[in-house]
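To start, the structure under review is shown below, and the notes come after it.
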């Protein structure tokens, strides 16, 4: 079973503005998102785990 966490990502855009993303995702999704931000010219300043996401199985 894979675990998801809620992350907050703070980054600077190529235009110099600061932005943030708050999202629940798995580690692989986080890696892909960070790679895309860097490819787009953003500078990732901080990645923080807020909490583990609850998974509900029916």
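Residue numbers (the numbering used here): 4 to 61. Heads up, the beta-carbon is just placed ideally off N, CA and C, and yes, glycines get one too. Note that the structure is predicted; figures quoted are calculated from it, not measured.
- Residue 32 and residue 19 have their alpha carbons spaced roughly 25 Å apart.
- Taking 9 Å as the cut-off, the Cβ atoms of residue 28 and residue 14 do not count as close.
- Rounded to whole angstroms, the separation of the alpha carbons of residue 34 and residue 26 is 13 Å.
- When the Cα atoms are used, residue 40 and residue 22 turn out to be separated by approximately 11 Å.
- Note on residue 53: under 16 other CB atoms within 10 angstroms of its CB, so exposed under the neighbour-count rule.
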